[in-house]
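Engineer:
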Amino acid sequence: MKQFLITAFGEDRPGIVAKVTEILYKNGLNIEDSAMTRLNDEFVIMLVVKGDTEKSSLENDLKSLEKEGINFTVKEVPLSKEKEKEDYQLYNIIVYGSDKPGIVYNVSKLLAEKSINIADLRTEKTKDLYVMFIQAEIPNSLDITELEKEVESLKDNLNVDISLQCVDTANL
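First residue of the sequence shown? That's 1018 in the numbering used here, and the numbers climb one at a time after it.
#1: Based on the DSSP output, what are the partners of residue 1156 in its beta bridges?
#2: Among 1160, 1074, 1088, 1053, which residue has its Cα nearest to the Cα of residue 1046?
#3: How far does the alpha helix (DSSP H) with residue 1075 in it extend, from its first residue to its last?
#4: Take the Cβ of residue 1023 as the centre, count every other Cβ of all protein chains shown within 10 Å, and call the residue buried at 16 or more, exposed below.
#5: Which same chain residues end up closer than 6 Å to residue 1052 when comparing Cβ atoms and leaving out the 5 residues on each side of it in sequence?
#6: Pick out the complete beta strand (DSSP E) segments inside the region 1107–1177, 3 residues or longer, and give them in chain order.
#7: By Cβ distance, which residues of its chain are closer than 7 Å to residue 1189, with the 5 residues on each side in sequence left out?
#8: In three-state terms, what does DSSP make of residue 1084?
#9: Considering just the uninterrupted stretch of the beta strand (DSSP E) at residue 1066, what are its terminal residues?
#10: In chain order, what residues of the same chain have a beta carbon less than 8 Å from the beta carbon of residue 1069, not counting five sequence neighbours either side?
#11: Should the region 1143–1160 be called in touch with the region 1105–1122, which here means at least 3 C-beta pairs below 8 Å?
#12: Which residues in the same chain have their Cβ closer than 7 Å to the Cβ of residue 1182, if we skip the five residues on either side of it in sequence?
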């Protein structure tokens, strides 16, 4: 069994997801994880897939998309290992304020300094309002009160609002 990270992107239009996933299906690959979204006028697909196909065969089949203006990359990656949920707590971090350079950098720098992993990050801009949504894995060993103090300082420095919300996860 092999696992691949695949990216694909092209000018946004109906059918991009169907074209990419048809090739994956025909190669016997199962989609394990995905993120797909429109960024400006481009549609971007990021996938982790698993199956018994060879990388060269998959790349050869995906090459057919290039004539339709869809670019791609394929990287073989080790099979996923699930993190222990006891090691961290999920938090949603929401940042919003006037758009200016450095918001993503400064917030992500603080998180990195605290060994906080970003599991997902999305941004949106509407006129001058900039909004960033982060799903972060905050280590249980981290002092949340201390983090909140540093977030308050960052809010003042960037002149934005930042909220931290613990995500209660259900045990299945």
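We put the CB at the ideal spot given by N, CA and C, even for glycine.
Structural biologist: Walking through what the data contain:
#1: Residue 1156 pairs with 1105.
#2: Cα-wise, what sits closest to residue 1046 is 1074.
#3: It spans 1072–1079 - the alpha helix (DSSP H) in which residue 1075 sits, taken as one unbroken run.
#4: Burial check for residue 1023: the Cβ neighbour count within 10 Å reaches 16 or more, so the residue is buried.
#5: Cβ within range, chain order: 1063.
#6: Scanning the region 1107–1177 from its first residue to its last, the whole beta strand (DSSP E) runs of 3-plus residues come out as 1134–1143, 1146–1156.
#7: Because the pLDDT of residue 1189 is 46, which lies under 50, any placement of that residue in the model is unreliable, and the number read from its coordinates should be weighed accordingly. Answer for residue 1189: no residue qualifies.
#8: Residue 1084 falls in the helix class under three-state DSSP.
#9: 1059–1068 is the span of the beta strand (DSSP E), which, as asked, contains residue 1066.
#10: In its chain, beyond the 5 residues on either side, 1018, 1019, 1045 have a beta carbon closer than 8 Å to the beta carbon of residue 1069.
#11: As far as the Cβ criterion goes, the region 1143–1160 touches the region 1105–1122, which means the pair count is three or higher.
#12: For residue 1182, same chain residues with a beta-carbon under 7 Å away, outside a window of 5 residues either side, are 1108, 1109 in chain order.
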